[in-house]
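The structure under discussion appears below in the form of structure tokens.
Residue numbers (this note's numbering): 1 to 53.
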């Protein structure tokens with residue numbers, strides 16, 4: 001049996017993302033996403049330098 005998260009329609013998931021992007025939350029959401037992406041990209045070069053593969 002599929003979990004409830006998977007059973008939801010794609011449009012319902014898009015609506016959830018759109019809720020975050022309304023004007024009152026847009027600035028906060030974009031700052032959080034920018035910080036997350038920046039930290040993720042900053043991690044990539046350090047991992048390559050320390051990898052002994």
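The C-beta atom is built at its ideal place from N, Cα and C for all residues, glycine as well.
Exercise for the section: Please state whether DSSP places residue 21 in a helix, a strand or coil. Expected result: coil
Handout entry: Coil, strand or helix - residue 9 by DSSP
Key = coil
Handout entry: Short Cβ contact (7 Å threshold) for residue 29 with residue 20
Key = yes
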